[in-house]
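A.B. asks: I am attaching a structure below and will ask some questions about it afterwards.
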Amino acid sequence: MIQDYVMQTGINILLAWSVYIILLSGSLSFANGGFMAIGAYVSAVLTVKFGIPLILAAALAGAAAFLFGIVVAYPALRTRGLYLILVTVGITASIKVMIESIDYVGGIQGFTGMSGASPWHVVTLVLVVGAALWLISHSRLQRMLDAVREDELVAASLGINVVHLKVACFGAGAFIAAVAGSFYAHYLLFVRPEDFGILPSVFIVLYVVLGGMNNLWGPPVGATIMTLVPEFTRGLAQWRPTVFGILIVLLLLVRPDGLLPFRVPTERRLRNRPNNP
Amino acid sequence: MSALLEIRALHKQFRGLTALDDVSFDVAQGELLGLIGPNGAGKSVLINVVSGVYAASAGTVWLRGTDVTSLPTYQLARRGIARTYQNIRLFARMSVLENVLVADQRYSARPFRTLFAGGRREDCAAAEVLLERVGLAAKRDALAGTLAYGEARRLEIARALAGRPRLLFLDEPAAGMNELESEELAAVIRSFRAELDVIVLIEHDVALIRELSDRLVVMDSGKVIAVGKPAEVLADPRVIEAYLGAEEADG
Ligand SMILES: Nc1ncnc2c1ncn2[C@@H]1O[C@H](COP(=O)(O)OP(=O)(O)OP(=O)(O)O)[C@@H](O)[C@H]1O
Ligand SMILES: [Mg+2]
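These protein sequence lines are chains A and U, in that order.
Just so you know, numbering that gives the first Met the number 0 puts 149 at position 150 of the first sequence, and the rest follows in order with no gaps.
Just so you know, numbering that gives the first Met the number 0 puts 26 at position 27 of the second sequence, and the rest follows in order with no gaps.
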């Protein structure tokens, strides 16, 4: 039981961070449910049909999603704001339809035979991704991303290669979502395309909105709350989406920037770093 | 010897509107060029095209003999073109010091390397000197969005200079400033002249432009209507008429 909580919370934290890292460059992505699907199916095929060990399969699935993310990012990131959101929704929708039409992975029936994911995998991954994000948040890269998020055009006219940064963030988000998807699939033992539709993508974004998107701690807080609260209010099961909808609206009225809205200037972080001789 | 910056037959079309119509002029090494003209003349559009914010519809921009017309914005910045904006565009949620630090091109050229800078403390000295020179040292930790108008304009100049540019385009840096503030601004601009190859200054304040510019380019309705020494150009009947005409049209 506790294992289930750790597993679900950990995976949702990773998914929330996968959206957060794309948001670092100012793009809101609803494609991460799709990237998660790529991870789940690619890794499942690799372990079940080719006998590749889970960790390697997850890494390969992440790499596949990374490449896919970069390839779609170039055209997708030509759009902004609402249009970009629609494009990312489209990415998720088409990945789902694509998987449904591939008989090799069971089509709409789903795919099974995976096993072997443990909470330890996910906890380790949360620590690794968290450390990477911490490194970013204490670097000049974070400051450049902040600039891109505030005003792309000005960032570019200061010599920042905006497209490069945005595409890299998109790829990194796809990678994290896909690795999370890999462990998700090998924990559930059975996946169907409908596990990865638009709704999961929306939920992932809501974790980030709830927790706050201005620092790396907001997304895991949002993900944890949204994962555990419904578990402890099982009676409300079928009202879950409704309750969440209301919660989010209320929260945004009170705290429009999420639960943890603060942003620490990168300059202060870098200044306070211990001085290595 | 050819000029440092050569603008040749530049055109910019916005659907029906011709914002730049066959604009050609040169800017020489060491020159401070004033760019003037009535509202809507195309001055800002020209800067936007040269700095890569807008794509030219036709024509060429040569920088030290290289065609840079279709380079992306960040490439132009790396070739030494920096600018400020008529409608101030600071990173409002970043601190004053960060606005300057982020413009350091040693890092933006290799953004991912900055992840592994080790435990070294960041060197802010150069940025702090810049802030000092524009009179913002005391504001270094304030959020840029909280600055007063004149301070924000000076921070834009400091940010533009933080990338160690060779060419600086200032789009109405004194707009909205009182007389004292624009005097201080003139002193700031003068103090940076020796460090830059070229400054192009757009300004409506004739006294300021006369005082600072080596040469003037006057634009009206997307065309260059006069080029020359400030005293001559400002006495040119066509220039006077362009301004008077604009003033009458304004009511
Ligand atoms: N992005 C745009 N889309 C369409 N038209 C534009 C755009 N930018 C500028 N224009 C038009 O181009 C013309 C020249 O504008 P520009 O901003 O260069 O004038 P300006 O000389 O800078 O005037 P001001 O002194 O008022 O700043 C104007 O008619 C303006 O409306
Ligand atoms: Mg203008």
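We treat Cβ as the ideally placed atom computed from N, Cα and C, and that holds for glycine.
Can you grab the Cα-Cα spacing for the pair I224/U / L207/U, in whole Å?
C.D. replies: When rounded, the distance between both Cα atoms is 21 Å.
A.B. asks: Have a look at P37/U and V48/U and give me their C-alpha separation to the nearest angstrom.
C.D. replies: Cα-Cα distance, rounded: 19 Å.
A.B. asks: Just checking: is the beta-carbon of S138/A within a distance shorter than 9 Å of some beta-carbon in chain U?
C.D. replies: Closer than 9 Å to some Cβ of chain U, the Cβ of S138/A qualifies, so yes.
A.B. asks: Taking Cβ positions only, does M212/A come closer than 9 Å to chain U?
C.D. replies: No, M212/A lies away from the interface with chain U (no Cβ there is under 9 Å from its Cβ).
A.B. asks: If you run the structure through DSSP and keep just helix, strand and coil, what is H10/U?
C.D. replies: Reduced to three states, the DSSP call for H10/U is strand.
A.B. asks: Whose C-beta lies closer than 8 Å to the C-beta of T72/U among residues of the same chain, with five residues either side of it excluded?
C.D. replies: Cβ within range, chain order: S50, G51 and V52.
A.B. asks: Using a Cβ-Cβ cut-off of 6 Å (strictly less than) and excluding sequence neighbours within five positions of I12/A, which residues of its own chain qualify?
C.D. replies: Same-chain partners within the cutoff: V125, P219 and A222.
A.B. asks: When you compare only the Cα positions, how much space is there between I188/U and G39/U?
C.D. replies: For I188/U and G39/U, the distance between alpha carbons rounds to 25 Å.
A.B. asks: Check whether the segment 184–199 of chain U touches the segment 207–220 of chain U, counting contact only when three or more Cβ pairs, one atom from each stretch, lie closer than 8 Å.
C.D. replies: The segment 184–199 of chain U, when compared against the segment 207–220 of chain U, does touch it at the 8 Å Cβ threshold.
A.B. asks: Are the beta-carbon atoms of V104/A and Y40/A separated by less than 9 Å?
C.D. replies: Yes, the Cβ-Cβ distance between V104/A and Y40/A is below 9 Å.
A.B. asks: Determine whether the beta carbon atoms of E127/U and K138/U lie at a separation below 9 Å.
C.D. replies: Contact: no.
A.B. asks: Using 8 Å as the cut-off, can you tell me whether the segment 127–136 of chain A makes contact with the segment 14–24 of chain A, which would need three or more C-beta pairs spanning the two stretches below that distance?
C.D. replies: Yes: at least three Cβ pairs fall under 8 Å.
A.B. asks: Closest Cβ-Cβ distance between K11/U and chain A: below 9 Å?
C.D. replies: Not one chain A Cβ lies under 9 Å of K11/U.
A.B. asks: Within 9 Å (strictly less), CB to CB, does L126/A reach chain U?
C.D. replies: It does not: the Cβ of L126/A has no partner Cβ on chain U nearer than 9 Å.
A.B. asks: Any idea what DSSP makes of W61/U, helix, strand or coil?
C.D. replies: Three-state result, W61/U: strand.
A.B. asks: Is the beta carbon of G180/A closer than 9 Å to that of Y19/A?
C.D. replies: No, the pair does not count as a contact, with Cβ atoms beyond the cut-off.
A.B. asks: So which residues of chain U does R285/A contact, with C-beta pairs closer than 8 Å?
C.D. replies: For chain A, the structure presents residues 0 to 276; residue 285/A sits outside this window and is missing.
A.B. asks: Against chain U, with Cβ distances strictly below 9 Å, would N31/A count as a contact?
C.D. replies: Not one chain U Cβ lies under 9 Å of N31/A.
A.B. asks: At a cut-off of 8 Å, is P37/U close to ligand 1 when judged by its beta-carbon and the heavy atoms of the ligand?
C.D. replies: Yes.
A.B. asks: So which residues of chain A does Q104/U contact, with C-beta pairs closer than 8 Å?
C.D. replies: Under the 8 Å cutoff, chain A gives L157 and G158.
A.B. asks: Please tell me whether, using a cut-off of 8 Å, the distance from the CB of S56/U to the nearest non-hydrogen atom of ligand 1 is below it.
C.D. replies: Answer for S56/U: no, Cβ out of range of ligand 1.
A.B. asks: Counting only beta-carbon atoms, is G194/A nearer than 9 Å to chain U?
C.D. replies: Rather than Gly, the amino acid found at residue 194/A in this sequence is Asp. Answer no: the Cβ-Cβ gap between D194/A and chain U never drops below 9 Å.
A.B. asks: Select from the segment 26–53 of chain U all residues with a C-beta closer than 8 Å to any C-beta belonging to chain A, and list them in chain order.
C.D. replies: Taking 8 Å as the Cβ-Cβ cut-off against chain A, the residues of the segment 26–53 of chain U that qualify are S50, G51 and V52.
A.B. asks: Residues of chain A with CB closer than 7 Å to the CB of T113/U, please, in chain order.
C.D. replies: Residues of chain A passing the Cβ test: S138, R139 and L140.
A.B. asks: For ligand 2, which residues count as neighbours when the test is a C-beta closer than 7 Å to any heavy atom?
C.D. replies: Qualifying residues come out as K42/U, S43/U, Q85/U, D170/U, E171/U and I201/U.
A.B. asks: Got a sec? Which residues, its chain only, sit under 7 Å from V238/U by beta carbon, not counting five neighbours each side?
C.D. replies: Cβ neighbours of V238/U beyond the five flanking positions: V217, I224, A225 and V232.
A.B. asks: For A146/A, return the contacting residues in chain U, with the cut-off set at a CB-CB distance below 8 Å.
C.D. replies: Ordered by position in chain U, the residues that pass the 8 Å Cβ test against A146/A are F90, M93 and V101.
A.B. asks: Would you list the one or two residues that DSSP bridges to I201/U?
C.D. replies: Answer by DSSP bridge pairing, in chain order: L34/U and D170/U.
A.B. asks: With a CB to CB cut of under 8 Å and the five nearest residues on each side skipped, what residues in its chain are close to Q104/U?
C.D. replies: So the qualifying residues of the chain are A76, R77, G162 and R163.
A.B. asks: Assuming V121/A and G210/A form a contact by the criterion Cβ under 8 Å, report the distance between their Cβ atoms to the nearest whole angstrom.
C.D. replies: Actually they are not in contact, since the Cβ atoms of V121/A and G210/A sit about 18 Å apart, beyond 8 Å.
A.B. asks: Which residues does DSSP list as the beta-bridge partners of K222/U?
C.D. replies: DSSP output for K222/U lists D219/U as bridge partner(s).
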